[in-house]
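Engineer: In our numbering, the protein residues as written are 287 to 677. Built from N, CA and C at the ideal position, the CB exists for glycine as well. Computed from a predicted model, the values in this text were never measured in an experiment. Quick one: the structure is below, questions incoming.
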Ligand code: SOE
């Protein structure tokens with residue numbers, strides 16, 4: 287008989303992210319056995335009954351619902367996990383908070399700042415545990431980068447550079463809207479690559495290098511009209527297909543960010559590089575177990591970029607997995623986030639990024655979109671933001 291406490295999960299949404307999170311819940315008890323809580327896959331919800339039943343069987347959920355409100359109304363659900371398109375995040379999260387449920391929400395927190403702020407207000411008023419799935423923070427090599435930066439090894443930081451490049455929407459026949467392609471529909475997604483991909487880069491960047499004060503951005507929509515799956519008609523495309531912005535960080539460093547879904551040959555090339563006075567770091571999602579590190583203090587004859595294979599037991603998270611030298615992958619970042627969320631319930635420390643942390647990312651995204659629209663620099667934290675929020 288287990289002495290562990292249960293965290294009964296109600297998962298809403300059965301797409302790609304529903305699978306990554308479900309895998310996380312399933313793996314945690316095997317690899318993080320010291321945790322006091324065990325996730326229990328209590329219910330999964332999606333509108334199509336046949337699909338949600340198949341999903342429940344595949345991942346081990348005990349029951350199904352076809353209306354998210356039913357999940358929130360249930361007394362046997364402790365935490366609601368939101369894996370639905372962005373246009374539903376605010377409504378579900380606010381209702382869940384009002385019902386006293388803990389919330390794990392897929393990124394980006396919301397479509398815009400107004401929605402995001404109302405979600406922060408709701409969870410803070412209700413006092414419920416919350417987190418947003420910015421999973422790349424929990425790649426061991428990225429967490430190691432954070433430890434190296436926090437130890438001061440880089441010295442004063444001058445530059446932060448990040449890219450997130452994909453190529454899946456180049457074909458003009460890719461539709462917008464509906465299952466599978468809601469990310470192409472501005473109503474459902476809020477924005478294009480800015481909210482979907484740059485939000486990851488911004489979250490990691492601010493975690494590693496501190497706040498962003500102001501931005502100057504350019505966006506482009508290369509394919510202006512696409513068939514909408516819900517109406518069957520050709521409709522204008524409202525999302526940004528590509529976005530490039532530069533910015534200042536609070537610590538005085540300069541940032542340069544690029545994201546596109548039109549970089550032929552790149553599927554999910556997320557990279558960042560940080561240049562400090564004494565040392566530099568770079569990381570590449572396609573080789574996610576490696577962290578490259580250059581230290582000017584090294585003896586001249588051996589000075590050069592080191593390639594650190596982040597698989598040793600004393601490196602972040604890796605003591606939980608196999609033996610030194612053996613790699614882990616993308617899916618493990620979600621296992622780590624579940625483990626950290628469960629740990630946060632033991633310690634009472636919030637599981638970062640919280641909704642409030644992610645509000646900062648939302649502010650930067652909003653400033654980026656506004657900057658591109660107005661062809662001007664935008665502060666991330668001033669009155670024009672307040673005007674957008676109430677407007
Ligand atoms: C888009 O293709 C996408 O799936 C994003 O929505 C995810 O957040 C990113 O991690 C991978 O790419």
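With 16 as the cutoff for other CB atoms within 10 Å, does residue 597 come out buried or exposed?
Structural biologist: buried
Engineer: In this structure, does DSSP put residue 392 in helix, strand or coil?
Structural biologist: strand
Engineer: Report the option in 413, 319, 480 and 316 whose CA atom is closest to the CA atom of residue 647.
Structural biologist: 480
Engineer: Would you call the segment 494 to 506 in contact with the segment 450 to 463, where contact means no fewer than 3 C-beta pairs closer than 8 Å?
Structural biologist: no
Engineer: For the beta strand (DSSP E) containing residue 576, name the first residue and the last one.
Structural biologist: 576 to 581
Engineer: For the pair the segment 518 to 534 and the segment 470 to 487, tell me if three or more CB-CB distances fall below 8 Å.
Structural biologist: yes
Engineer: Does the beta-carbon of residue 302, which I'm using as the reference point, lie nearer than 7 Å to any heavy atom of the ligand SOE?
Structural biologist: Yes, Cβ of residue 302 sits closer than 7 Å to a heavy atom of the ligand SOE.
Engineer: First and last residue of the beta strand (DSSP E) that includes residue 529?
Structural biologist: 528 to 535
Engineer: Over what stretch of residues does the beta strand (DSSP E) that includes residue 501 continue unbroken?
Structural biologist: 498 to 506
Engineer: Measuring alpha carbon to alpha carbon, tell me which residue in 513, 504 and 638 is nearest residue 653.
Structural biologist: 504
Engineer: What's the call for residue 644, buried or exposed, on a 16-neighbour Cβ count within 10 Å?
Structural biologist: buried
Engineer: Nearest by alpha-carbon distance to residue 591: which of 638, 561 and 317 is it?
Structural biologist: 561
Engineer: Would you say residue 462 touches the ligand SOE, meaning its beta carbon is less than 7 Å from a heavy atom?
Structural biologist: no
Engineer: Are the Cβ atoms of residue 293 and residue 324 separated by less than 8 Å?
Structural biologist: yes
Engineer: Consider the C-beta atom of residue 554 and the heavy atoms of the ligand SOE; say whether any pair is separated by less than 7 Å.
Structural biologist: yes
Engineer: Which residues share a DSSP beta bridge with residue 664?
Structural biologist: When beta bridges are read from the DSSP output, residue 664 appears opposite 501.
Engineer: So does residue 550 have its beta carbon nearer than 7 Å to some heavy atom of the ligand SOE?
Structural biologist: Incorrect: residue 550 has no Cβ contact closer than 7 Å to the ligand SOE.
Engineer: Which residues in the same chain have their Cβ closer than 8 Å to the Cβ of residue 338, if we skip the five residues on either side of it in sequence?
Structural biologist: 300, 330, 331, 332, 350, 351 and 352
Engineer: How long is the line joining the alpha carbons of residue 552 and residue 365, rounded to whole angstroms?
Structural biologist: If you take the alpha carbons of residue 552 and residue 365, they lie about 36 Å apart.
Engineer: Examine the Cβ distances between the segment 376 to 387 and the segment 614 to 629 and report whether three or more of them are shorter than 8 Å.
Structural biologist: no
Engineer: So, with DSSP's three-state summary, where would you put residue 595?
Structural biologist: strand
Engineer: Hey, how far is the Cα of residue 342 from the Cα of residue 397?
Structural biologist: 28 Å
Engineer: Which value, in whole angstroms, describes the spacing of the CA atoms of residue 291 and residue 632?
Structural biologist: Taking the straight line from one Cα to the other gives about 10 Å.
Engineer: Please state if the CB of residue 440 and the CB of residue 594 are separated by a distance shorter than 8 Å.
Structural biologist: no
Engineer: Taking its Cβ as the centre, do 16 or more other Cβ atoms sit within 10 Å of residue 417, making it buried, or is it exposed?
Structural biologist: Buried, by the Cβ-count rule.
Engineer: Can you grab the Cα-Cα spacing for the pair residue 367 / residue 585, in whole Å?
Structural biologist: 50 Å
Engineer: Ordered along the chain, which non-local residues of its own chain (more than five positions away) have a Cβ less than 8 Å from that of residue 604?
Structural biologist: Same-chain partners within the cutoff: 426, 596, 597, 598, 610 and 614.
Engineer: Give a yes or no on whether the C-beta atoms belonging to residue 443 and residue 372 are separated by under 8 Å.
Structural biologist: no
Engineer: Which residues in the same chain as residue 658 place their Cβ atom closer than 6 Å to its Cβ, once the five residues preceding and following it in sequence are excluded?
Structural biologist: 503, 504 and 505
Engineer: The beta strand (DSSP E) that contains residue 303, what's its start and end?
Structural biologist: Note, residue 303: premise wrong, no beta strand (DSSP E); alpha helix (DSSP H) at 302 to 317.
Engineer: Pull up the distance between the alpha-carbon of residue 309 and that of residue 624, whole angstroms please.
Structural biologist: 10 Å
Engineer: What residue range does the beta strand (DSSP E) around residue 325 cover?
Structural biologist: 323 to 331
Engineer: Which residue marks the beginning of the alpha helix (DSSP H) containing residue 567, and which one marks its end?
Structural biologist: Careful: residue 567 lies outside any alpha helix (DSSP H), inside the beta strand (DSSP E) at 565 to 570.
Engineer: So the candidates are 661, 318, 641 and 660; which of them puts its Cα closest to the Cα of residue 399?
Structural biologist: 641
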